[in-house]
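For the record, the sequence lines run as chains A and B.
The first sequence runs 20 to 432 under this note's numbering.
The second sequence runs 20 to 432 under this note's numbering.
Beta carbons: idealized from backbone N, C-alpha and C, even for Gly.
Written out below as structure tokens is the structure these notes cover.
2 protein chains.
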Amino acid sequence: MVQINANYLKLKAGDLVPEIGRRVAAYQAGHPDAKIIRMGIGDVTEPLPAVCVAAMHAAVDDMGRREDFRGYGPEQGYAWLREKIAARDFAARGCAIEADEIFVSDGSKCDTANILDILAPGRVNVIAVTDPVYPVYVDTNVMAGHTGEAREGAEYEGLVYLPTTAENGFAPPLSERRVDIVYLCSPNNPTGAALGRVDLERWVDYARRHETLILFDAAYEAYITDPSLPHSIYEIDGAREVAIEFRSFSKTAGFTGVRCALTVIPKTLTGTAENGERVDLHRLWMRRHTTKFNGVSYITQRAAEAVYSDEGRRQVRETIDFYMGNAKIIRKSLVALGLSVYGGVNAPYVWVKTPGGLTSWEFFDKLLGEAHVVGTPGSGFGQAGEGYFRLSSFNSRENVLEAMARLKEKVRL
Amino acid sequence: MVQINANYLKLKAGDLVPEIGRRVAAYQAGHPDAKIIRMGIGDVTEPLPAVCVAAMHAAVDDMGRREDFRGYGPEQGYAWLREKIAARDFAARGCAIEADEIFVSDGSKCDTANILDILAPGRVNVIAVTDPVYPVYVDTNVMAGHTGEAREGAEYEGLVYLPTTAENGFAPPLSERRVDIVYLCSPNNPTGAALGRVDLERWVDYARRHETLILFDAAYEAYITDPSLPHSIYEIDGAREVAIEFRSFSKTAGFTGVRCALTVIPKTLTGTAENGERVDLHRLWMRRHTTKFNGVSYITQRAAEAVYSDEGRRQVRETIDFYMGNAKIIRKSLVALGLSVYGGVNAPYVWVKTPGGLTSWEFFDKLLGEAHVVGTPGSGFGQAGEGYFRLSSFNSRENVLEAMARLKEKVRL
């Protein structure tokens, strides 16, 4: 009988989202009149930019005409899109990234997961993640057999966890144990912290000294408001030798339901085979991407291209400014309540310390019960997230104002 | 330093497509006036059905209005699409497949590759493929470490190859060696052969007796013209206990550039863990699909939904009939030349025996040189494909007629 990948059996049930759902449903059942406002969701709410809508209408028409119809495109994405990405996202910020180092895909979640395909199976590489962490990084390593069993608490044996808390300014400390791979997400989900140039230089330096591969997730770079902060790890000298960068149109241009992202694999990146042979990672990913993937919809790629026009950039900026206006309101309201508030300046997520020693879930129940507001318990992202709570600024202004008014009036801290 | 997945180094260069390109370019360089007709390509040429174009325009408009905007959808696909698939593709043909056993994805190439994620890593399962074979099945097993090295010729050590040739009517023989997994593709790429009910019953019976998992690729089922042939493996009693089925909108509705497919994993399917524990494959795939994938574009899913309307079915039928009209012309022309011709009746591919003992590449060079017509050498799909040649009916009628006229006038057999 066919044998299954037993690494999947190590996975703890992804209990965060279902548990939130269970508690909200139970509360709603007992309080049918409560108008619950959900501020836990990391999904956009505003419509697509008008330039994207127009570009997609035109592309749909192309697909309806024989002479303009497109079948299979290049798996890596059309050149007209990759060239604009190279110019606008990278060259314009001084990063030496060529168009053919960019792979267009259908999502950063997929890419951060699939990248493991080209790395050694089993427990060969030592892998570090931050704590708290975007759960996909951990779960996909468990599935790939890169970890041992789950330990008491929330950690998997074999992974190196780098705690990021208020005490270290949410900047992941360099790993004392030498690691082969480290995931860095900046601006960060869930903490909302963005790494500065010095932080990134320390990591690039570490990676060069220890021959570590940095998997840099910049899905929220468009939310950076501080002009001194890097948007790409390739703004740091030497990063081309150590880092893969993941970017997404999901949060930039509202593509969570449209699906487009990109991964940068510089041709200067290498790994080793068991026999010590140096192997080009770009070549491996090219083989993976062209064998196991068939490209992103032509229509979607036209929408992504539209984001790079001057008008597209203006429209994207406007939507992000709107979300960041929500973030500002949330921050201000929580500070006024006397809470310790982080994030929400260069990221759409506000990360708040729970007051009075409450656990993340106790604070969740308190906000739900007293204000009918739902957020995300920080402990759901890792042990070091315990005692924190995430609020998302992806919402209507009306909901944000109403939620903050309720917090002020109803919640007794 | 990070270690790479050295299984990738076992991959022979995918030399079929580049070698065709090299020979065509060399010929064109020497004969700049030759008007070369490409009949090797497995990609659609006709525009999208009008119902899909209309559905996508409406969906794009939805995405431009705040009240109708859709962000992340269910990773498995929207219920309105999965329910139509269950009703029209399965219930209507007597297959007991529930909507929640259907996973919508962005391509069958991806799914047939990704399914390996939930199966045991390394060389635990014995895996059978047909010969000739769609190369992705083989390459992805090599990447996953399910094989040994490539041997002299074209085979990988550890895989079981089931030759399908004119001698056995292109029906894969039951494996003498017990196998854990077998790939069946019907209607077949590249041979154009479709398995009948009796063939499928033999395989389902084999799979039940040997506890084998059948990976059934039905990407070309819409091309079946013989009403006695099954379109789904679930038309065979007992298949729910042994088979996963892959389907695609690529060739059905011309979605090669739009990207939508589906995989059926019945809840009755199980595998075993190392300790002998029975594990539900549906649950494993659900975990894989929701962790490593973020769903198909809302706009694309609306286009797929439109295929299931009565008018959509009529338009899809019309396009397929057009391609099959090409196939008929190709078959008739080749038969008139005295060649042994297979396929092209229930599949868009015509599979022809090369005359006079020519190898596949010799016949390629002959057609290119004498008629300026490009096809695909059968040997590129496996050793048992040697001495065969594939012509595709995905083309304009004009090109097909011109190519066949040249074959008649210019090629000396």
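Judging by CA-CA distance, which residue of R41/A, F383/A and V157/A is the nearest neighbour of N26/A? V157/A
Identify which residue in I318/B, P93/B, I116/B and G164/B has its Cα closest to the Cα of K286/B. I116/B
Find the nearest neighbour of R170/A within the set K31/A, T289/A and W380/A, judged by alpha-carbon distance. K31/A
Proximal chain A residues relative to Q22/B, where beta-carbon distance stays under 8 Å: L138, A139, V143, N144, D199, G290, T291, A292 and E293
Please confirm if E65/B has its CB atom under 9 Å from at least one CB of chain A. yes
Since D224/B meets chain A, which of its residues come closer than 8 Å, beta carbon to beta carbon? By Cβ distance, chain A contributes nothing, its closest Cβ being about 16 Å from D224/B, past 8 Å.
Does any C-beta atom of chain A lie closer than 9 Å to the C-beta of D80/B? yes
Is the Cβ of K128/A closer than 9 Å to any Cβ of chain B? yes
V335/B beta carbon near the ligand GDP (any heavy atom closer than 8 Å): This structure does not include the ligand GDP; it has no bound ligands of any sort.
Would you list the residues sitting across from K427/B in a DSSP beta bridge? Answer is none; K427/B lacks a bridge partner.
Can you check DSSP and say which residues form a bridge with K29/B? None, per the DSSP bridge assignment.
Decide if G90/A is buried, meaning its Cβ has at least 16 other Cβ atoms within 10 Å, or exposed. buried
Of the listed residues A110/B, R336/B and W370/B, nearest to G211/B (C-alpha basis): W370/B
Neighbourhood of R107/A by C-beta distance below 6 Å, restricted to the same chain and skipping five residues each side: Y327
Give a yes or no on whether the minimum CB-CB distance between R107/A and chain B is below 9 Å. no
Rounded C-alpha distance that separates G257/B from R227/B: 8 Å
Going along chain B in order, which residues have a C-beta closer than 9 Å to the C-beta of F88/A? V63, T64, E65, P66, L67, G273 and G276
Residue-level contact to chain B via CB, N187/A, 9 Å cutoff: no
If we require 4 or more residues per run, which alpha helix (DSSP H) segments fall completely within the segment 350-414 of chain B? 379-390
Whole angstroms is fine: what's the gap from L67/A's alpha carbon to A424/B's? 51 Å
For M58/A and S4/A, believed in contact at Cβ under 8 Å, the rounded distance: Nothing can be reported for residue 4/A: it is not among the residues displayed for chain A, which extend from 20 to 432.
Would K311/A pass as an interface residue toward chain B - the criterion being a Cβ-Cβ separation below 9 Å? yes
Identity of the residue in P93/A, E120/A and G92/A nearest A105/A by Cα: E120/A
Quick one: is P151/A buried, meaning 16 or more other Cβ sit within 10 Å of its Cβ, or exposed? buried
Taking one C-beta from the segment 65-80 of chain A and one from the segment 63-82 of chain B each time, how about it: are there three or more such pairs within less than 8 Å? yes
Can you tell me which of Q402/B, F400/B, A403/B and V393/B puts its alpha carbon nearest to the alpha carbon of E421/B? V393/B
Just by C-beta distance, which residues in the segment 297-308 of chain A are closer than 8 Å to chain B? V298, L300, L303, R306 and R307
Buried or exposed: P249/A, going by 16 or more other Cβ atoms within 10 Å of its Cβ? buried
Bridge partners of L234/A, per DSSP? Y202/A and I263/A
Under the rule that 16 or more other beta-carbon atoms within 10 Å means buried, what is E240/B, buried or exposed? buried
In the DSSP output, which residue or residues are listed as bridge partners for V298/A? G290/A
So is I56/B in contact with chain A if we call contact Cβ pairs under 9 Å? no
State the CB to CB distance for the pair V161/A and L138/B, rounded to an integer number of angstroms; the pair is presumed to be in contact (CB under 8 Å). The pair is not a contact, with the Cβ atoms about 16 Å apart (cut-off 8 Å).
What's the gap between the Cα of G92/A and the Cα of D62/B? 10 Å
Suppose the cutoff is 7 Å on Cβ atoms and the five residues either side in sequence are ignored; what does the same chain contact list for I349/A look like? G363, V369, L410, S412, V419 and M423
Taking C-beta pairs closer than 7 Å, name the residues in chain A that L30/B reaches, listed in chain order. R306
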